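Trainee: Pasting a structure below so you can have a look.
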Amino acid sequence: MPDRPARRWGVWVGAAAFAVGVLWVLLSPRTEPAATTPTVPAPTVATPEPPSSPLPAPVSATAPTLAAQVPALLLPVQGVLASDLRDTFADGRDNNQRGHEAIDIHAPRGTPVLAVDDGPIAKLFLSKPGGITIYQFDATGQLAYYYAHLDAYAAGLKEGQHIRRGSVIGYVGASGNANPDAPHLHFAIFQLGPEKQWWKGTPLNPFEPLGGKTP
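Residue numbers for the sequence shown follow my numbering, beginning at 1173 and rising by one.
Written out as C-alpha cells, the structure is:
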C-alpha cells in the first residue's frame, strides 16, 4: 500500500504546476492585431464644361451718337449764312461755372427769327436769363429747339400751334441777361427724355446741323 505522504506530495506538485501555468498565461503580454487605416478614395475634381454659346460681343465704339440723329436744319436768323456761324457750344459762362451749350447768332435787333424745322410750339416762356423765349418740338417729339433773347414773338404765335420750317416765329433782340449792345439769337437743341419735358433734356451741338463748318 503506497505511502500517504508521497501521494500528498504528488498532489502538491501537480497543483503548483497548474498554478504556474495559469500565472504564465495571465502575465504573458498580449499582441494586439495591427491597426489598419481605411483607404479613402481620392476626391474627383470635375473639369468645367466650356460655355454652350460664345459670350456677347462688346458694343461697337462707332455706335451713332445723339448728335447724329439731328437732321439738317434751316438757319434760324434771316439773312445769316452758314459761313457766318461760330461754334460757341463748349464756351464757358458765368466764369466757367456752366457751359453755354448753345450757339449765338448775331444780327441787328428786329431781324426775323425762322423756325428751323416743322413741329409744334411747346412753350412760350419769359425767363430771367433767356428773356423772351420759344420752345419748339420737332415733328417726332424727340428733339426740342430753343430760341432765346428775342425782342418779340411773331404776331399770332401761340402754344400748340404747328409751325412749318421757315415760318417767322419771332425777332432777334437782347432780352434776358443778354448784352443790350449785342443783340443775337441764342439757339439750342436738346434731346427730349421720355417725359417730353420742354425745359429738360440732353444738350446737342447745333453747329453742324445748321451747316457750320470747322475751319
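For each residue, glycine too, the CB sits at the ideal point set by N, CA and C. In this text the structure is predicted, and so the values were computed from the model without any measurement.
1. In chain order, what residues of the same chain lie with their CB nearer than 8 angstroms to the CB of P1177, ignoring the 5 residues before and after it?
2. Exposed or buried, A1254, counting other C-beta atoms within 10 Å across all chains shown (16 or more means buried)?
3. Does the stretch 1353 to 1361 come within contact of the stretch 1326 to 1333, defined as at least 3 CB pairs closer than 8 angstroms?
4. If we require 4 or more residues per run, which alpha helix (DSSP H) segments fall completely within the stretch 1285 to 1363?
5. If G1348 sits next to S1299, beta carbons under 8 angstroms apart, how far is it from one beta carbon to the other, in whole angstroms?
6. Using three-state DSSP, classify D1276 as helix, strand or coil.
7. In the DSSP assignment, what residue or residues form a beta bridge with L1376?
8. Using only the alpha-carbon positions, how far apart do D1256 and A1346 sit?
9. Suppose the cutoff is 7 angstroms on Cβ atoms and the five residues either side in sequence are ignored; what does the same chain contact list for A1320 look like?
10. In angstroms with no decimal places, state the Cα-to-Cα distance between D1290 and R1336.
11. Which one of I1293, L1322, L1286, A1324 has the shortest CA to CA distance from A1311?
12. For K1368 and Y1307, what's the separation of their Cα atoms in angstroms?
13. Mind checking who V1249 pairs with in its DSSP beta bridge?
14. With 16 as the cutoff for other CB atoms within 10 Å, does A1244 come out buried or exposed?
15. Cα-Cα, which of I1341, V1249, P1387 is closest to P1280?
16. To the nearest angstrom, how far is the alpha carbon of N1273 from that of Y1318?
Mentor: On the basis of the data shown:
1. A caution first: P1177 carries a pLDDT of 49, below 50, which makes its placement in the model unreliable, though a value can still be read off. Result list for P1177: empty, nothing under 8 angstroms.
2. By the neighbour-count criterion, in which 16 or more other beta carbons inside 10 Å mark a residue as buried, A1254 falls on the exposed side.
3. Verdict: no, contact absent.
4. Annotation note: the stretch 1285 to 1363 contains no uninterrupted alpha helix (DSSP H) run of length 4 or greater.
5. Between the beta-carbon of G1348 and that of S1299 there is about 7 angstroms, and that keeps the pair under the 8 angstroms contact cut.
6. Of the three classes helix, strand and coil, the one that applies to D1276 here is strand, per DSSP.
7. Answer is I1361.
8. Taking the straight line from one Cα to the other gives about 19 angstroms.
9. Excluding residues up to 5 positions away in sequence, G1302, G1303, T1305, G1348, H1358 lie with their Cβ nearer than 7 angstroms to the Cβ of A1320 in the same chain.
10. D1290 and R1336 have their C-alpha atoms spaced approximately 5 angstroms apart.
11. Nearest C-alpha to A1311: I1293.
12. Approximately 12 angstroms between the Cα atoms of the pair.
13. According to DSSP, V1249 shares a beta bridge with V1285.
14. Per the 10 Å Cβ criterion, exposed.
15. It is V1249 whose Cα lies nearest to the Cα of P1280.
16. In the sequence under discussion, the amino acid at residue 1273 is Glu, which differs from the Asn named in the question. Taking the Cα positions, E1273 is about 11 angstroms away from Y1318.
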